[in-house]
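Quick note on this note's numbering: the sequence shown kicks off at 61 and runs consecutively. Backbone N, C-alpha and C define an ideal beta-carbon position, used for all residues, glycine too.
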Amino acid sequence: WRAYNEYIARISAENPGRFHGVGIFSNWWDPAGAEAAMRQIVDLKLKTFMIPIYPGKDVEGRQIVYGDAPMDRFWSVVAEAGLPVGFHVTENFVPGARGGLGATITNSFNHFRLPLMQIIFGGVFDRHPDLKVVFAEGGISWIMAALQDAEMVYDSYGNGDLLDPIEHRPTHYWQNNCYATFQNDLLGLRNLDHIGADNVMWSNDYPHSEGGFGYGPASIQAVIDATSPEQARRIVGGTAIDLYKL
Numbered sequence: 061w062r063a064y065n066e067y068i069a070r071i072s073a074e075n076p077g078r079f080h081g082v083g084i085f086s087n088w089w090d091p092a093g094a095e096a097a098m099r100q101i102v103d104l105k106l107k108t109f110m111i112p113i114y115p116g117k118d119v120e121g122r123q124i125v126y127g128d129a130p131m132d133r134f135w136s137v138v139a140e141a142g143l144p145v146g147f148h149v150t151e152n153f154v155p156g157a158r159g160g161l162g163a164t165i166t167n168s169f170n171h172f173r174l175p176l177m178q179i180i181f182g183g184v185f186d187r188h189p190d191l192k193v194v195f196a197e198g199g200i201s202w203i204m205a206a207l208q209d210a211e212m213v214y215d216s217y218g219n220g221d222l223l224d225p226i227e228h229r230p231t232h233y234w235q236n237n238c239y240a241t242f243q244n245d246l247l248g249l250r251n252l253d254h255i256g257a258d259n260v261m262w263s264n265d266y267p268h269s270e271g272g273f274g275y276g277p278a279s280i281q282a283v284i285d286a287t288s289p290e291q292a293r294r295i296v297g298g299t300a301i302d303l304y305k306l
C-alpha cells in the first residue's frame, strides 16, 4: 500500500487542483505502526485515505473491531492528522453462483452499518469529536434505517447499562462526524431532512456501471430539484471542498 500511495501522489501532483487520489492506510492491522503509516500519507500531501470495512485480524491474531481498545492508538493518530477517513462500498465481491453478481452488489450497500456502529457505540467520536468519516459510493438511503435502528438499540438496551456508555444519541454522531456519497439515489434525496443535506456528497463513480457516466447532468439535476440552490451547490461540490480542504 505504501507503493500505491506514492503512485497516486505522483499522479495527483501531475494534475494539481484536478485530481486528488485517495490513499490507503498501509498497516491498519498493527496500531504500533500507525504513526509511520500516517506520516507517509501526510508527507505525500494526500487529502484522505481509506481503511477496509472488514479489517481482518491484528498482529496478535485478534479480530479487529474499530471501536475496541486495541484500535485507540490508530484513532488518536488519525484524529491528530486531521484527515477524513473513508470506507468504500463492496469489498467482499463473490459473484460465483447463479444470480451471485446481482445479489452481491445489492447486498454490498448494507455493509457500512458495521464500521459505523462500531465507531459510534465504541465511543470513538467521544474521544475524537473532530474526527470525520466518509462512506463512499454506497448511496445515502441506507442511512435512514441504520440511524433508526441505532436509536432503537440505544433506547432498548440502555446506554451505560447493557451498552457501553456514549455521550450522545447515535444520530448526533452522524450529524456531526459522518458523510456519505451517492451517484443516483432519488429515495435518499427525498429524505434529506432525515439524512442531513450537509452530510451527503454527489459523485459520478466513473466508469462503474452503477455510476453516473453518460447521464451525469441528469443526476445533478435530481439534486437541484430535491433541495434549495444553496444546498445543491454544497452537495455537488461545496461540502467536498470544505471537508477535503480542496
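Assumed close pair residue i, residue j - CB separation to whole angstroms, cut-off 8 Å
i	j	result
S136	V149	Contact flag wrong, Cβ pair sits at about 27 Å.
Y239	V260	7 Å
A94	F134	5 Å
G199	G248	6 Å
T108	G77	With 8 Å as the limit, T108 and G77 do not qualify as a contact, their Cβ atoms being about 16 Å apart.
R293	D258	Contact flag wrong, Cβ pair sits at about 12 Å.
Residue span of the alpha helix (DSSP H) that contains residue i, given as start and end
i	result
H232	P230 to N237
G81	Here G81 belongs to no alpha helix (DSSP H), and DSSP marks it neither H nor E.
A96	A94 to D103
F185	V184 to R187
Beta-carbon proximity list for residue i, same chain, < 6 Å, skipping 5 on both sides
i	result
Q235	G256
I179	Y126 and G127
M333	Not covered by the structure: residue 333. The range shown for the chain is 61 to 306.
L223	Y217
Buried or exposed (CB count within 10 angstroms, at least 16 for buried), residue i
i	result
N237	buried
G121	exposed
A278	exposed
Y233	buried
G182	buried
A69	buried
Neighbourhood of residue i by C-beta, 7 Å cutoff - its chain only, sequence neighbours within 5 removed
i	result
A356	The shown model of the chain, from 61 to 306, leaves out residue 356, and the question about it has no answer.
M204	N251, H254 and I255
L174	I113
R62	S86 and Q100
Contact set for residue i: own chain, Cβ-Cβ below 8 Å, skip 5 residues either direction
i	result
D118	W89, D90, P91, I124 and P130
E211	R229, P230 and T231
L191	W135, V138, A139, V145, V184, F185 and N237
Where the beta strand (DSSP E) containing residue i begins and where it ends
i	result
W262	V260 to W262
G146	V145 to H148
F273	Careful: F273 lies outside any beta strand (DSSP E) and carries neither H nor E.
F195	V193 to A196
Min CB distance residue i to chain C below 7 Å
i	result
I68	Checking the listed chains, one finds no chain C in this structure; it contains a single protein chain.
Between the segment 244 to 257 and the segment 217 to 224, do at least 3 Cβ pairs fall closer than 8 Å?
In short, these stretches do not touch, since the Cβ pair count stays below three.
For the structure I just gave you, are there three or more beta carbon pairs, one from the segment 204 to 216 and one from the segment 280 to 293, closer than 8 Å?
no
Should the segment 137 to 144 be regarded as contacting the segment 158 to 175, the criterion being three or more beta carbon pairs within less than 8 Å?
The segment 137 to 144 vs the segment 158 to 175: no contact.
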